[in-house]
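Residues in the first sequence are numbered consecutively from 1, following the UniProt record's numbering. Virtual Cβ for every residue (Gly too), placed ideally from N, Cα, C. What follows is one structure encoded as structure tokens, with my remarks underneath.
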Amino acid sequence: MNYWLFKSEPDAWSWNQQVARGDTGEEWTGVRNYQARNNMRSMKVGDRGFFYHSNVGKEIVGVVEVVRESAPDSTADDPRWDCVVIKSIAPVTRPVTLDECKVTPGLENMALVKSTRLSVQPVTEAEWLIVCKLAGIGS
DNA sequence: GCCAACGTTGGC
DNA sequence: GCCAACGTTGGC
1 MNYWLFKSEP DAWSWNQQVA RGDTGEEWTG VRNYQARNNM RSMKVGDRGF FYHSNVGKEI
61 VGVVEVVRES APDSTADDPR WDCVVIKSIA PVTRPVTLDE CKVTPGLENM ALVKSTRLSV
121 QPVTEAEWLI VCKLAGIGS
């Protein structure tokens with residue numbers, strides 16, 4: 001299984017909205033960046049990801065799971081863009097902030113820290129385990 | 001609200 | 001195929 005991180009501005013789409021979608025999940029529309037799209041194309045059903053609030057909060061607030069592999073983005077007028085569907089799995093017990101990631105040994109190379117603008121990012125297994133521990137949740 | 005980083009577009 | 005102009009993201 002692979003691990004990922006999804007960024008969202010809570011003003012646009014928040015963790016609470018994601019949770020409200022339940023097991024149906026939500027199509028992760030709106031990505032218009034090749035790297036982010038390619039990351040989504042690499043995802044398999046069952047892969048896990050962190051849900052991160054950018055701009056407001058700047059923290060990891062929950063865990064999601066991929067429930068549908070990448071397919072054309074229904075909001076795109078250009079066929080090159082596609083996206084996965086994700087559902088919420090569990091909230092974190094304690095949010096993990098960007099600042100915390102920056103100073104935590106083992107997380108200094110996270111894409112979250114290094115590639116600040118990438119909206120869908122890979123997370124290594126080692127990073128996943130560290131963040132889960134910080135977040136007070138099982139991995 | 002500013003600005004740095006960075007991706008994309010389009011003229012040549 | 002280069003590169004300047006421009007737009008967007010996201011931290012601060």
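Sheet register partners of residue i (DSSP bridge)
{"i": "residue 140", "result": "No answer is possible for residue 140: the residues shown for the chain start at 1 and end at 139."}
{"i": "LYS7", "result": "TYR52"}
{"i": "GLU26", "result": "ILE86"}
Same chain, Cβ closer than 7 Å to residue i, neighbours up to 5 away in sequence not counted
{"i": "THR93", "result": "ALA135, GLY136 and ILE137"}
{"i": "ALA126", "result": "GLY106"}
{"i": "ALA36", "result": "LEU118, SER119 and VAL120"}
{"i": "THR75", "result": "THR29 and GLY30"}
{"i": "SER115", "result": "GLN121"}
DSSP three-state assignment for residue i, whether helix, strand or coil
{"i": "ASP99", "result": "helix"}
{"i": "ALA12", "result": "coil"}
{"i": "ALA71", "result": "strand"}
{"i": "ARG41", "result": "helix"}
{"i": "LEU118", "result": "coil"}
{"i": "ASP82", "result": "strand"}
{"i": "LEU107", "result": "coil"}
{"i": "ALA76", "result": "coil"}
{"i": "VAL31", "result": "coil"}
Span of the alpha helix (DSSP H) around residue i
{"i": "VAL131", "result": "125 to 135"}
Cβ distance (whole Å) where residue i is taken to contact residue j below 8 Å
{"i": "TRP15", "j": "PRO122", "result": "About 20 Å separates the two Cβ atoms, so there is no contact after all."}
{"i": "TRP81", "j": "ARG41", "result": "Actually they do not touch by this definition, with Cβ atoms about 11 Å apart."}
{"i": "ILE89", "j": "TRP28", "result": "In fact, because the Cβ distance is near 15 Å, the residues do not count as touching under 8 Å."}
{"i": "GLU66", "j": "PHE51", "result": "First, the amino acid is wrong: residue 66 is Val here, not Glu. At roughly 12 Å, the Cβ-Cβ gap does not stay under 8 Å, so VAL66 and PHE51 are not in contact."}
{"i": "ASP73", "j": "MET1", "result": "At roughly 24 Å, the Cβ-Cβ gap does not stay under 8 Å, so ASP73 and MET1 are not in contact."}
{"i": "PRO91", "j": "GLY49", "result": "Rounded, the Cβ-Cβ distance is 14 Å, inconsistent with contact."}
{"i": "THR97", "j": "GLU59", "result": "4 Å"}
For residue i, the first and last residue of its enclosing beta strand (DSSP E)
{"i": "GLY49", "result": "48 to 53"}
8 Å Cβ shell around residue i - same chain, five flanking residues per side excluded
{"i": "GLU9", "result": "HIS53, SER54, ASN55 and VAL56"}
{"i": "residue 142", "result": "Since the first residue of the chain shown is 1 and the last is 139, residue 142 is not available in this structure."}
{"i": "LYS44", "result": "MET1, ASN2, VAL66 and GLU69"}
{"i": "ILE130", "result": "THR104, GLY106 and LEU107"}
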